[in-house]
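A.B. asks:
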Amino acid sequence: MSDRPKATLAVYKDFLRSGRGADRAIAAFANAMSARGYAVHVITQQRPEEPLSVTFDPAVTCHHVRMSRIRSLTGGFNKLLLRSSIGAAFLRRALPWLDLMRETSLRLQACLESLQPDLVISAGANECVELTYAGPLRVPMVQMFHVYPPTCFAKNKYQRVTRFREALPLAAECQVLLPSHRETLRPYTSAPVTVIGNAIAWPADEPLPAPESREKAIVYVAYFTKDKNQLALIEAFAKLRADDWQLHLYGTGTPSWERRLKGRVTALGLEARVRFFGITRTPREVLRRVSICAYPSLTEGFGLALAEAMWCGLPCVGFRSAPGVNELIAHEANGLLADASDEAFAAQLQRLIDDPELRVQLGTTAAKTIRSTYSEARVWQQWEDLLWRWIPRLRDGERSS
0 MSDRPKATLA
10 VYKDFLRSGR
20 GADRAIAAFA
30 NAMSARGYAV
40 HVITQQRPEE
50 PLSVTFDPAV
60 TCHHVRMSRI
70 RSLTGGFNKL
80 LLRSSIGAAF
90 LRRALPWLDL
100 MRETSLRLQA
110 CLESLQPDLV
120 ISAGANECVE
130 LTYAGPLRVP
140 MVQMFHVYPP
150 TCFAKNKYQR
160 VTRFREALPL
170 AAECQVLLPS
180 HRETLRPYTS
190 APVTVIGNAI
200 AWPADEPLPA
210 PESREKAIVY
220 VAYFTKDKNQ
230 LALIEAFAKL
240 RADDWQLHLY
250 GTGTPSWERR
260 LKGRVTALGL
270 EARVRFFGIT
280 RTPREVLRRV
290 SICAYPSLTE
300 GFGLALAEAM
310 WCGLPCVGFR
320 SAPGVNELIA
330 HEANGLLADA
340 SDEAFAAQLQ
350 RLIDDPELRV
360 QLGTTAAKTI
370 RSTYSEARVW
380 QQWEDLLWRW
390 IPRLRDGERS
400 S
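Heads up: the sequence shown is residues 0 to 400, going by numbering that gives the first Met the number 0.
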């Protein structure tokens, strides 16, 4: 490979704190493109002294764009005006020097001017607004959707949806994670919409664990929130006829939400069988140890933890009504889908507990499905195909080998 980079990419993610799917996907993308010969710059608002939740390869440069401290009075004034479209317009047009979003956008655009990238990758809706609020960018911008797209256009708190609707037309192309998401985005943009799923950086030829080596445990790896729906899983687990099985919950959340979950476990008398493990840095090892994955999330952009469980040969149970989940899991083929109730979810889990052969059959098919579709080689080549469409010197035949 030539010492000259194929092209320069700037990837903007406002914060990298949670370690959730979007953070991990951004790190995987940046590291993969760097390994493929691109100069990759990751831009974040996070302070340099604050640890990142993900690890970037040494060749990836991370830029911490310094934002001025938001004075409580100015911040409160912004929020007050942003409660209505009239107030938001007044702030933007009559008081631009007090508009904190404009200040953020100007600093980000100054950073981009210094980097001179060939292409900008916006990691989400907030990022799209912040990048373009002060005006269009000088180079093409690709808009990523790490969530189910319609969720970006709901709950217009502080005019966020309005601002995103205004910013999205400035994207040259949009990337979504699953085929069904393309049509859900169509009402909001005329730009091309490309489906590229999340890459899973594990060996596609790795043998699955022997069924007898797996623990009698059901696992769920997810951040503790209402949408991830751990409470429904705890209720379903309480209904199972399987006293020798455990439920393993990996993740974290706000202290109040964790107390709520643990309080419900105590109320149901399940303390000895429901275990909270916190954040795992070794999901592959965790998923290869257990026998079943429960995934009761209400909606997903992709469900990276679900795909990883399927990659490891786990039979998975999700809700039939959950976007994202119901696209990765094909009922009775590579997993099971339940109707929208705790009882229905418990019934599908019970089927897997009672039928070891069904667990092996569905888990084996799940691994084949995910490994063939979301391997690194396939996903990163799809990304390169997208980049070539918007970077002139690549499009015109100057691609490095």
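We put the CB at the ideal spot given by N, CA and C, even for glycine.
Owing to the predicted nature of the structure, the values given are computational and were not obtained by experimental measurement.
Select from E112, K367, V10 the residue whose C-alpha is nearest the C-alpha of I328.
C.D. replies: For this step, residue 328 is matched to residue 329 along the sequence shown. Ranking the options by Cα distance to I328, first place goes to K367.
A.B. asks: How would you call S104, buried or exposed, if buried means at least 16 neighbouring beta carbons within 10 angstroms?
C.D. replies: Position 105 of the sequence shown, counted from the first residue, corresponds to residue 104. So S104 ends up on the buried side.
A.B. asks: To the nearest angstrom, how far is the alpha carbon of F28 from that of R280?
C.D. replies: Counting from one through the sequence shown, the residue named residue 28 turns up at place 29. Counting from one through the sequence shown, the residue named residue 280 turns up at place 281. Their backbone Cα atoms lie some 19 Å apart in a straight line.
A.B. asks: Run through DSSP, which three-state label would L51 get?
C.D. replies: By one-based count along the sequence shown, residue 51 stands at place 52. The answer is coil: DSSP assigns L51 none of H, G, I, E or B.
A.B. asks: For V264, does the three-state DSSP call read helix, strand or coil?
C.D. replies: Residue mapping note: residue 264 aligns to position 265 of the sequence shown, counting from 1. Helix, per DSSP.
A.B. asks: Give me, in chain order, the residues of the same chain whose beta-carbon lies closer than 6 Å to that of N77; leave out the 5 immediate sequence neighbours on both sides.
C.D. replies: Looking up residue 77 in the sequence shown gives position 78. Taken in chain order, the residues that qualify are L99.
A.B. asks: With DSSP as the reference, please indicate the residues paired to Q142 in a beta bridge.
C.D. replies: Within the sequence shown, the letter at position 143 stands for residue 142. Note: Q142 sits in a beta bridge opposite S121, C173.
A.B. asks: In angstroms with no decimal places, state the Cα-to-Cα distance between Q108 and L130.
C.D. replies: Against the sequence shown, residue 108 aligns to sequence position 109. Against the sequence shown, residue 130 aligns to sequence position 131. About 7 Å.
A.B. asks: Identify the residues that DSSP records as bridge partners of G317: which are they?
C.D. replies: In the sequence shown, residue 317 corresponds to position 318, counting from 1. Note: G317 sits in a beta bridge opposite Y294, L336.
A.B. asks: Span of the beta strand (DSSP E) holding C61?
C.D. replies: To locate residue 61, count along the sequence shown from 1; it is residue 62. Segment 60–63, the beta strand (DSSP E) holding C61.
A.B. asks: Can you have a look at P322 and say buried or exposed, based on whether 16 or more other CB atoms are within 10 angstroms of its CB?
C.D. replies: Sequence index remark: in the sequence shown, residue 322 carries index 323 (1-based). It counts as buried.
A.B. asks: Spell out a yes or no on whether the region 277–292 and the region 199–217 are touching, meaning 3 or more CB-CB pairs, one atom from each, closer than 8 Å.
C.D. replies: With a cut-off of 8 Å, the region 199–217 and the region 277–292 count as touching, because enough Cβ pairs lie within range.
A.B. asks: With 16 other CB atoms within 10 Å as the buried threshold, where does P391 fall?
C.D. replies: Within the sequence shown, the letter at position 392 stands for residue 391. Exposed, since its Cβ has fewer than 16 Cβ neighbours within 10 Å.
A.B. asks: So, for P139: in the same chain, excluding its five sequence neighbours on each side, which residues have a beta-carbon less than 6 Å away from its beta-carbon?
C.D. replies: On the sequence shown, position 140 is the one that residue 139 refers to. Contacts found: L118, A171, W389.
A.B. asks: Would A306 and Y222 qualify as a contact pair, given that the criterion is a beta-carbon distance under 8 Å?
C.D. replies: Locating residue 306 in the sequence shown gives position 307, where the first residue counts as 1. Locating residue 222 in the sequence shown gives position 223, where the first residue counts as 1. Cβ atoms of A306 and Y222: not closer than 8 Å.
A.B. asks: Roughly how many angstroms separate the alpha carbons of D13 and R106, rounded to a whole number?
C.D. replies: Taking the first residue of the sequence shown as position 1, residue 13 is located at position 14. Taking the first residue of the sequence shown as position 1, residue 106 is located at position 107. When rounded, the distance between both Cα atoms is 13 Å.
A.B. asks: Give the list of continuous alpha helix (DSSP H) stretches no shorter than 4 residues that lie fully inside the region 197–260.
C.D. replies: For the region 197–260, whole alpha helix (DSSP H) runs of length 4 or above, ordered along the chain, are 229–237.
A.B. asks: Roughly how many angstroms separate the alpha carbons of L348 and P314, rounded to a whole number?
C.D. replies: Here residue 348 refers to the residue found at position 349 when the sequence shown is read from its first residue. Here residue 314 refers to the residue found at position 315 when the sequence shown is read from its first residue. Their backbone Cα atoms lie some 10 Å apart in a straight line.
A.B. asks: Apart from the five residues just before and just after K156, which ones in its own chain have a Cβ nearer than 7 Å to its Cβ?
C.D. replies: In the sequence shown, the residue the question calls residue 156 occupies position 157. Nothing listed; no residue qualifies.
A.B. asks: Could you tell me the boundaries of the beta strand (DSSP E) in which F276 lies?
C.D. replies: For the purposes of this step, residue 276 is identified with residue 277 of the sequence shown, where counting begins at 1. Segment 273–277, the beta strand (DSSP E) holding F276.
A.B. asks: Are there 16 or more other CB atoms within 10 angstroms of the CB of Q174, so buried, or fewer, so exposed?
C.D. replies: Here residue 174 refers to the residue found at position 175 of the sequence shown. Buried, because 16 or more other Cβ atoms sit within 10 Å of the Cβ of Q174.
A.B. asks: Quick check on the burial criterion: 16 or more other C-beta atoms within 10 angstroms. Buried or exposed for F89?
C.D. replies: What you label residue 89 is simply residue 90 of the sequence shown in a count that begins at 1. The residue in question, F89, is exposed, as its Cβ has fewer than 16 Cβ neighbours within 10 Å.
A.B. asks: Tell me which same chain residues have a C-beta within less than 6 Å of the C-beta of R398, skipping the five on either side of it?
C.D. replies: Translated into the one-based positions of the sequence shown, residue 398 becomes position 399. The predicted position of R398 is uncertain, since its pLDDT is 48 and thus under 50; a value taken from the coordinates is nonetheless stated next. Around R398: no qualifying Cβ.
A.B. asks: So V359 is in the alpha helix (DSSP H); what residue range does that whole segment cover?
C.D. replies: Taking the first residue of the sequence shown as 1, we reach residue 359 at position 360. From DSSP, the alpha helix (DSSP H) with V359 extends over 355–372.
A.B. asks: By the three-class DSSP mapping on this structure, what secondary structure does A9 have?
C.D. replies: Within the sequence shown, numbered from 1, the residue matching residue 9 stands at position 10. A9: strand per DSSP, three-state reduction.
A.B. asks: Between V218 and G250, is the Cβ-Cβ spacing less than 8 Å?
C.D. replies: By one-based count along the sequence shown, residue 218 stands at place 219. By one-based count along the sequence shown, residue 250 stands at place 251. Contact: no.
A.B. asks: Sorted by chain position, which residues of the same chain lie with C-beta nearer than 6 Å to T183's C-beta, five sequence neighbours on each side aside?
C.D. replies: For the purposes of this step, residue 183 is identified with residue 184 of the sequence shown, where counting begins at 1. So the list reads P148, P149, once near-sequence residues are dropped.
A.B. asks: Just curious, the alpha helix (DSSP H) that A24 is in, first and last residue?
C.D. replies: Position 25 of the sequence shown, counted from the start, is the residue given in the question as residue 24. Segment 20–34, the alpha helix (DSSP H) holding A24.
A.B. asks: Which value, in whole angstroms, describes the spacing of the CA atoms of W382 and V273?
C.D. replies: As a working note, residue 382 is residue 383 in the sequence shown. As a working note, residue 273 is residue 274 in the sequence shown. Taking the straight line joining both Cα atoms gives about 40 Å.
A.B. asks: Tell me which residue opens and which closes the beta strand (DSSP E) that T193 is part of.
C.D. replies: Residue mapping note: residue 193 aligns to position 194 of the sequence shown, counting from 1. Segment 192–194, the beta strand (DSSP E) holding T193.
A.B. asks: For V324, which residues from the same chain have a beta carbon less than 7 Å from its beta carbon, with the 5 sequence-adjacent residues on both sides left out?
C.D. replies: For the purposes of this step, residue 324 is identified with residue 325 of the sequence shown, where counting begins at 1. Same-chain partners within the cutoff: Y294, S296, E299, G302, L305, G317, F318.
A.B. asks: One question on the structure: do R23 and V53 come within less than 8 Å of each other, judged by their Cβ atoms?
C.D. replies: As a working mapping, residue 23 is identified with position 24 in the sequence shown. As a working mapping, residue 53 is identified with position 54 in the sequence shown. Cβ distance < 8 Å, so R23 and V53 count as in contact.
A.B. asks: Give me, in chain order, the residues of the same chain whose beta-carbon lies closer than 8 Å to that of E245; leave out the 5 immediate sequence neighbours on both sides.
C.D. replies: As a first step, residue 245 is located in the sequence shown; it is residue number 246 there, counting from the start. The sequence given here places Gln at residue 245; Glu does not occur at that position. Once the five neighbours on either side are set aside, the close Cβ partners of Q245 are E214, K215, A216, I217, R272, V273, R274.
A.B. asks: Determine the burial state of P186: buried for a count of at least 16 other Cβ atoms within 10 Å of its Cβ, exposed for fewer.
C.D. replies: Residue mapping note: residue 186 aligns to position 187 of the sequence shown, counting from 1. The residue is exposed, with fewer than 16 neighbouring Cβ atoms inside 10 Å.
A.B. asks: Whole-angstrom Cβ separation of A6 and L393, contact assumed at under 8 Å?
C.D. replies: Position 7 of the sequence shown, counted from the start, is the residue given in the question as residue 6. Position 394 of the sequence shown, counted from the start, is the residue given in the question as residue 393. Indeed, because the Cβ distance is near 6 Å, the residues count as touching under 8 Å.
A.B. asks: Mind reading off the beta-carbon distance from V128 to A166? Whole number of angstroms is fine, and I expect it under 8 Å.
C.D. replies: In the sequence shown, residue 128 corresponds to position 129, counting from 1. In the sequence shown, residue 166 corresponds to position 167, counting from 1. Yes, they are in contact, since the Cβ atoms of V128 and A166 sit about 5 Å apart, within 8 Å.
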